[in-house]
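The next block holds one structure in the form of structure tokens; read it before the comments.
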Amino acid sequence: MGIKGLTKLLADHAPKAIKEQKFENYFGQKIAIDASMSIYQFLIVARRTGMETLTNQNGKITRNLCLAGTCLFLHLTLDIWHLVWPISHLQWILNRTIRFLEAGIKPVYVFDGQPPELKKQGLAKRQVFTDLYSKREDATKDLNTTVETGDLQGIEKYSKRTIKVTKQHNEDCKRLLRLMGVPTIEAPCEAEAQCAALCKSDKAYAVASEDMDSLTYGAPRFLRQIMDPSSKKTPVMEFEVSKVLEELELTMDQFIDLCILSGCDYCDSIKGKLASQILHTQQV
Numbered sequence: 001m002g003i004k005g006l007t008k009l010l011a012d013h014a015p016k017a018i019k020e021q022k023f024e025n026y027f028g029q030k031i032a033i034d035a036s037m038s039i040y041q042f043l044i045v046a047r048r049t050g051m052e053t054l055t056n057q058n059g060k061i062t063r064n065l066c067l068a069g070t071c072l073f074l075h076l077t078l079d080i081w082h083l084v085w086p087i088s089h090l091q092w093i094l095n096r097t098i099r100f101l102e103a104g105i106k107p108v109y110v111f112d113g114q115p116p117e118l119k120k121q122g123l124a125k126r127q128v129f130t131d132l133y134s135k136r137e138d139a140t141k142d143l144n145t146t147v148e149t150g151d152l153q154g155i156e157k158y159s160k161r162t163i164k165v166t167k168q169h170n171e172d173c174k175r176l177l178r179l180m181g182v183p184t185i186e187a188p189c190e191a192e193a194q195c196a197a198l199c200k201s202d203k204a205y206a207v208a209s210e211d212m213d214s215l216t217y218g219a220p221r222f223l224r225q226i227m228d229p230s231s232k233k234t235p236v237m238e239f240e241v242s243k244v245l246e247e248l249e250l251t252m253d254q255f256i257d258l259c260i261l262s263g264c265d266y267c268d269s270i271k272g273k274l275a276s277q278i279l280h281t282q283q284v
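Following the UniProt record's numbering, the numbering of the sequence shown begins with 1 at its first residue and continues without gaps.
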């Protein structure tokens, strides 16, 4: 997920392309959001701050009492599965969407379609790693241990290994958003590519995601941390792609090549080579 070393590369070599913005600065703008990435974020935070949520008898995170009332208000059908299916992702996406609407921001949630053929090999590798890890160690047990000891780095590490965004998560969120009157789109393939297409056709102002490879799809503006569920005070990081290319003295094709060589979802990185080293080689 993402481009290895790209954030540091841009901070070091293209600082003028990055600026901090207040959340409220996007009043009146339509933002195309990588929905699956956002749900993944929410699930990690919910796992990390488990004491703030309710769990069922199996220890799975379930509903917050405030969310239950909101669900009733929105006429969600409270089937019996709601009592056992973890729905903390609904709490987070509901709260964040309400904040968008209160700030006059128009969110459009874009969900992943089928992964492209080139990406399936990378996904298969991740699944092999996950299977090996589950046989070698109990990730959930390790997570519980790190929570007890207050090891924040360990919590982050093991949370990511025990969390997966499922089809049910996506369907839950689509249903909630539609009941709220918020537009959702299912991309034919990658959500980031669809988000970029919306921006390039002036149907959205910017792409919102934590996945840095969103920059390679050519959207004029890319936003990080706008979906950050951990703090209302976290600034939004805005990347302007034209300034990225200008600062790095690269064409868009060269920038894409740099990202591919650094390592992405479609291929491995060059062993022992950082993005900054590859950039220097490309500029010489």
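The beta-carbon is built from N, C-alpha and C at its ideal position, and this holds for glycine as well. What you are looking at is a predicted structure, and each value in this text was computed from that prediction instead of being measured.
Under the three-state DSSP convention, the category residue i falls into
i	result
L223	strand
T166	coil
A208	strand
E246	helix
I93	helix
T234	coil
I44	helix
D12	helix
M180	coil
S201	coil
K174	helix
I3	coil
A103	coil
F27	coil
D228	coil
Sequence-distant residues of its chain with Cβ nearer than 7 Å to residue i (five each side left out)
i	result
H169	I39, H89
R178	T184
D202	none
K19	E238
E247	H13, A14, K16, A17
E210	M37, Q41, R224
Sequence-distant residues of the same chain with beta carbon closer than 6 Å to residue i, five excluded per side
i	result
T174	For the record, residue 174 in the displayed sequence is Lys; it is not Thr. Contacts found: T184.
S214	E192, V207, F222
residue 288	Residue 288 lies beyond the range of the chain shown here (1 to 284); nothing can be said about it.
K167	none
P116	C189
Q194	V110, A187
Contact set for residue i: own chain, Cβ-Cβ below 8 Å, skip 5 residues either direction
i	result
Q114	P188, C189
residue 286	Since the first residue of the chain shown is 1 and the last is 284, residue 286 is not available in this structure.
P220	C199, K200, A206, E240, V241, S242
I163	Y40, L43, I44, R47
residue 287	Outside the displayed span of the chain (1 to 284) sits residue 287, for which this structure offers no information.
A11	I18
C-beta contact flag for residue i and residue j at 8 Å
i	j	result
V241	G218	yes
I3	M212	yes
Q225	T216	no
I93	L176	yes
F111	E186	yes
R96	M227	yes
S36	V182	no
E171	Q21	no
Residues sharing a beta bridge with residue i, DSSP
i	result
Q254	For Q254, which the question treats as bridged, DSSP gives no partner whatsoever.
A32	V108, V207
F239	I18, F222
E186	F111
Near the ligand ATP: residue i beta-carbon under 7 Å from a heavy atom
i	result
L250	What this structure holds is no ligand at all, so the ligand ATP is not there to describe.
Would you check if there are 3 or more beta carbon pairs closer than 8 Å linking the stretch 17-31 to the stretch 100-110?
-> yes
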